[in-house]
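Chemist:
Residue numbers (the working numbering): 69 to 221.
(1) Among residues of its own chain, excluding the 5 on either side of residue 154, which ones have a beta-carbon nearer than 7 Å to its beta-carbon?
(2) Pull up the distance between the alpha-carbon of residue 95 and that of residue 148, whole angstroms please.
(3) Fully enclosed by the stretch 133-209, which alpha helix (DSSP H) runs are 4 residues long or longer?
(4) Mark residue 145 as exposed unless 16 or more other C-beta atoms lie within 10 angstroms of its C-beta, in which case mark it buried.
(5) Please name the residue, chosen from 100, 126 and 216, that lies closest to residue 152 on a Cα-to-Cα basis.
(6) Please state whether DSSP places residue 130 in a helix, a strand or coil.
(7) Assuming the contact rule is C-beta atoms closer than 8 Å, residue 124 and residue 156 should be a hit. Round their C-beta distance to whole Å, please.
(8) So residue 188 and residue 106 are in contact, right, with Cβ under 8 Å, and what is the actual spacing, rounded?
(9) So the alpha helix (DSSP H) residue 101 belongs to, where does it begin and stop?
(10) Counting along the chain, where does the alpha helix (DSSP H) carrying residue 217 start and finish?
(11) Given residue 140, which residues of its chain have a CB within under 7 Å of its CB, disregarding the five upstream and five downstream residues?
(12) Starting from residue 120, follow the alpha helix (DSSP H) in both directions and report where the run begins and ends.
(13) Is it buried or exposed for residue 36, if we count other Cβ within 10 angstroms and need 16 for buried?
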């Protein structure tokens, strides 16, 4: 688990970095992921979503690059939408840029509060070059589409 969630660990069972692991091995609210997928991919209509199964605009990383005609170069290619979602969730749970997001989620857990899209969307600091304007856009989109999202979850 430590390797999968990019947590350094010596292998010593007496020194397992539990707090760091617990910050990374946790949920991202499904409704938040659905909202972000819709926003990033134009409700699944973008060329990147259609040709690469890439709903989140994730840049090319090792093993996911493509030179296949008809695919968008420079962006990750996924075998399925599910694979795209899994990679995105893993990115939020491991990338250093989202450390404050994970810490906020851990604080909610400590306070025995639910981890919801409402609580977490504004915690994505540095997610977009638009800053808080983008978070506000996502939050409005989430609020406008709560019933639609709930009906399909």
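Beta carbons are placed, not taken as given, at the ideal position from N, Cα and C, and that holds for glycine.
Since the model is a prediction, treat every value here as computed from it, not as a measurement.
Modeler: Quick look at the numbers:
(1) Within the chain shown, residue 154 is the residue found at index 86, counting from 1. Once the five neighbours on either side are set aside, residue 154 has no close Cβ partner at all.
(2) In the chain shown, residue 95 corresponds to position 27, counting from 1. In the chain shown, residue 148 corresponds to position 80, counting from 1. Using only the alpha carbons, I get a separation of about 21 Å.
(3) 149-162, 167-178 and 185-188
(4) Position 77 of the chain shown holds residue 145. That one is buried.
(5) As a first step, residue 152 is located in the chain shown; it is residue number 84 there, counting from the start. If we check each option's Cα against that of residue 152, 126 comes out closest.
(6) Indexing the chain shown from 1 puts residue 130 at position 62. Coil at residue 130, not helix or strand.
(7) The residue given as residue 124 occupies position 56 in the chain shown. The residue given as residue 156 occupies position 88 in the chain shown. Right, their Cβ atoms sit about 5 Å apart.
(8) Working through the chain shown from its first residue, we reach residue 188 at position 120. Working through the chain shown from its first residue, we reach residue 106 at position 38. Between the beta-carbon of residue 188 and that of residue 106 there is about 16 Å, and that puts the pair past the 8 Å contact cut.
(9) The residue given as residue 101 occupies position 33 in the chain shown. First-last of the alpha helix (DSSP H) with residue 101: 98-109.
(10) As a position in the chain shown, residue 217 is number 149, starting the count at 1. It spans 214-219 - the alpha helix (DSSP H) in which residue 217 sits, taken as one unbroken run.
(11) Position 72 of the chain shown, counted from the first residue, corresponds to residue 140. Contacts found: 115, 116, 119 and 120.
(12) As a working note, residue 120 is residue 52 in the chain shown. Start and end: 115-120.
(13) This structure cannot speak to residue 36, because the chain is shown only from 69 to 221.
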